[in-house]
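Numbering (the numbering used here), first residue to last: 226 to 724. What follows is a set of notes on a single structure, which appears directly below.
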């Protein structure tokens, strides 16, 4: 059973009560987080030993040379105003899950986004909404006007006729599929036929954990289902041809503390990145693990990044994003954090992990923020990475910076702005797609960005990002009452000139 682990527990504590119990440590530069890291120049692809041997030497990703990034003006899809006491998603947040698959690109070049609109309908329920982003933002279309059974996970694909199709894991253990007709109307059907036979009983709950598209155009998903109290993992696949049915393969459950990212592969296997930290603990297991399972087999376990617990600092990787390439090889983007033992960040960086010679190793992609900073300095970045692979084998990552500062209550940290990295040859090119003022520039209101999702064109030249900008009328994350906040769902397009 996948239980709540350090990543979710620590995030919850940080959002509600700050990073520490009021310690005064700061991230003023100093040594590179994780002193054993041969970081090289920022974006240069320096490596560390991760869970395996020294250095990396990954194969080049396309042609060598720097990429040029031209970001367009963000387009606001929907704006919501309300109040919030902390940084947890509110009930009017348009991307409460922010999972990969909510933003998608189709075989005809179409780009679309599925999101939740919190405006009450006649029944008082939120709506599921689709918007075409192929050229700017089209008129939002209501897919489901009353999500009376809003569940866990939603994903978007385009079928072979270029029509958008939405899969929603509804409450009560049902999968609903919504298809858009040529006249712009949406219809729904139950997509979980055959799932009960695979699971050996009717599921009481189903969550959609990951969604992707295979090299042959078929759709892949990972489901987590519960039947009579027992947990199951399911590999789901559907051909892109209009009207095709989903096929399901049951797999063993993964009994770990917390899964940070899932991926389904075209060969029928399921992959996961996870932690095994059980609380209370001293010492704690801060390692980051990778696992794989195929039909008829058992989960394998490998250490991606060895963590460190205790004086002088805790060091570990978190916020992992996992993809699997056409050969079945796993790749991971994650935030490597260094914290004092009382909890405050002293630094964070973006790392990229893969396997070389059967061993895990990493490249450091970014170590410093790009202008978005708080009073504790500019050594906090790599937040909430999302990872994609284009048709030429180039890796693309979107991520955020972190603004951290201390006040009389403790350490505050807020994630913000949208940054982008692309690996060309053996080096990384970096750019900022949407810049925001950090706490040093804007102590009040606080500017933040969360729930980024990413879609990349097959040639890697067109990058799309969607996420939620937050402007919060407060000067601290510690609030005894709700403070006014405005949320804007933004779509960002960037043109990438590649070598």
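Backbone N, C-alpha and C define an ideal beta-carbon position, used for all residues, glycine too. As the structure is a prediction and not an experimental result, all values here were calculated from the model.
- prompt: In terms of DSSP beta bridges, what is residue 622 paired with?
  reply: Looking at the DSSP assignment, residue 622 forms a beta bridge with 612, 646.
message: Please report the distance separating the alpha-carbon of residue 496 from that of residue 552.
response: Cα-Cα distance, rounded: 13 Å.
message: List, from N- to C-terminal side, the beta strand (DSSP E) runs of 3 residues or more that fit wholly inside the region 491-516.
response: Within the region 491-516, the complete beta strand (DSSP E) runs of at least 3 residues fall at 495-500.
field: Contact set for residue 452: own chain, Cβ-Cβ below 8 Å, skip 5 residues either direction
entry: Closer than 8 Å at Cβ, skipping near neighbours: 424, 425, 426, 427, 428, 429.
- request: Indicate the three-state DSSP secondary structure (helix, strand or coil) for residue 320 in the structure shown.
  value: Assigned with DSSP and collapsed to three states, residue 320 falls in coil, not helix or strand.
message: On the DSSP bridge list, what partners appear for residue 412?
response: According to DSSP, which records beta bridges pairwise, residue 412 is partnered with 404.
- request: Could you check which residue in 631, 546, 643, 635 has the C-alpha nearest to that of residue 614?
  value: Considering only alpha carbons, the answer is 546.
message: Which residues does DSSP list as the beta-bridge partners of residue 284?
response: BP columns for residue 284 are empty, so no partner.
message: What does DSSP give as the partner residue(s) for residue 675 in the beta ladder?
response: Partner residues in the beta bridge of residue 675, as assigned by DSSP, are 693.
- prompt: Per DSSP, residue 392 forms a beta bridge with which residues?
  reply: BP columns for residue 392 point to 380, 402.
field: Local Cβ density within 10 Å of residue 726, reported as buried at 16 or more and exposed below that
entry: With the chain running from 226 to 724 in the structure shown, residue 726 is simply not present.
task: Excluding the 5 residues preceding and the 5 following residue 595 in the sequence, name in chain order all residues of the same chain whose CB lies nearer than 7 Å to its CB.
output: Same-chain partners within the cutoff: 626, 644, 657.
query: Does the beta-carbon distance from residue 413 to residue 652 come in below 9 Å?
result: Cβ atoms of residue 413 and residue 652: not closer than 9 Å.
- request: State yes or no: is the C-beta of residue 663 within less than 9 Å of the C-beta of residue 641?
  value: For the pair residue 663 and residue 641, the CB atoms are nearer than the 9 Å cut-off.
message: Can you tell me whether residue 480 sits near the ligand FAD, meaning its C-beta is under 8 Å from at least one heavy atom of the ligand?
response: In the structure shown, the ligand FAD is absent, as is every other ligand, since no ligand is present at all.
task: Find out if the Cβ-Cβ distance for the pair residue 707, residue 309 is shorter than 9 Å.
output: Yes.
query: Per the contact definition of three or more C-beta pairs closer than 8 Å, is the region 469-482 in contact with the region 361-369?
result: Two segments are said to touch when three or more pairs of C-beta atoms, one from each, lie closer than 8 Å; by this definition the region 361-369 does not touch the region 469-482.
- request: Kindly list the residues whose CB is nearer than 8 Å to the CB of residue 525, restricted to its own chain and excluding five residues on each side of it in sequence; keep chain order.
  value: Take residue 525, set aside five residues on each side of it, and the residues of its chain with a beta-carbon closer than 8 Å to its own are 516, 517, 518, in chain order.
query: Taking DSSP as the reference, what is the three-state secondary structure of residue 445?
result: For residue 445, the three-state secondary structure derived from DSSP is strand.
message: Please tell me whether residue 634 and residue 701 are closer than 9 Å, where the distance is taken between their beta carbons.
response: In contact: residue 634 and residue 701 (Cβ atoms closer than 9 Å).
message: Can you tell me whether residue 294 is helix, strand or coil according to DSSP?
response: Residue 294 falls in the strand class under three-state DSSP.
query: Do residue 461 and residue 447 come within 9 Å of each other at the CB atom, strictly closer than that value?
result: Yes, these two residues count as a Cβ contact at 9 Å.
query: Using the rule of at least 16 other Cβ atoms within 10 Å of the residue's Cβ for burial, across every protein chain shown, is residue 468 buried or exposed?
result: It counts as exposed.
field: Identity of the residue in 397, 402, 483, 716 nearest residue 389 by Cα
entry: Out of 397, 402, 483, 716, 402 has the C-alpha closest to the C-alpha of residue 389.
message: On the CB-based measure, 16 or more other CB atoms within 10 Å of its CB, does residue 384 come out buried or exposed?
response: The residue in question, residue 384, is buried, as its Cβ has 16 or more Cβ neighbours within 10 Å.
Status (buried if at least 16 other CB within 10 Å, exposed otherwise) for residue 504: Around the beta-carbon of residue 504, fewer than 16 other beta-carbon atoms lie within 10 Å, marking it exposed.
query: Leaving out five residues before and five after residue 512 in sequence, what residues of the same chain have Cβ atoms less than 6 Å from its Cβ?
result: 528, 531, 532, listed in sequence order.
task: Work out the CA separation of residue 565 and residue 538 for me, nearest whole Å.
output: Looking at the two C-alpha atoms, the distance is approximately 5 Å.
message: Could you compute how far the alpha carbon of residue 562 sits from the alpha carbon of residue 718?
response: Residue 562 and residue 718 have their C-alpha atoms roughly 29 Å apart.
message: Let's test the definition: count the other Cβ atoms within 10 Å of the Cβ of residue 417 and tell me whether it reaches 16, buried, or not, exposed.
response: By the neighbour-count rule (16 or more Cβ atoms within 10 Å), residue 417 is buried.
Beta-carbon proximity list for residue 295, same chain, < 6 Å, skipping 5 on both sides: Cβ within range, chain order: 720.
Alpha helix (DSSP H) runs contained entirely in the region 532-601, provided each spans 4 or more residues: Here no run is fully enclosed.
- request: Would you kindly work out how many angstroms separate the C-alpha atoms of residue 279 and residue 581, rounded to a whole number?
  value: Annotation note: pLDDT 42 at residue 279 (below 50); position unreliable, coordinate value reported separately. So the two alpha carbons sit approximately 10 Å from each other.
- request: Just confirm the distance between the C-beta atoms of residue 432 and residue 397, as a whole number of angstroms; I'd bet it's less than 8 Å.
  value: 12 Å between Cβ atoms; not a contact.
task: Return the Cβ separation of residue 598 and residue 500 in integer angstroms, given the expectation that the two are a contact with Cβ distance under 8 Å.
output: That belief does not hold up - the Cβ atoms of residue 598 and residue 500 are roughly 28 Å apart, past 8 Å.
- prompt: Can you check whether the CB of residue 337 is closer than 9 Å to the CB of residue 320?
  reply: Their beta carbons are not under 9 Å apart, which means residue 320 does not touch residue 337 by this criterion.
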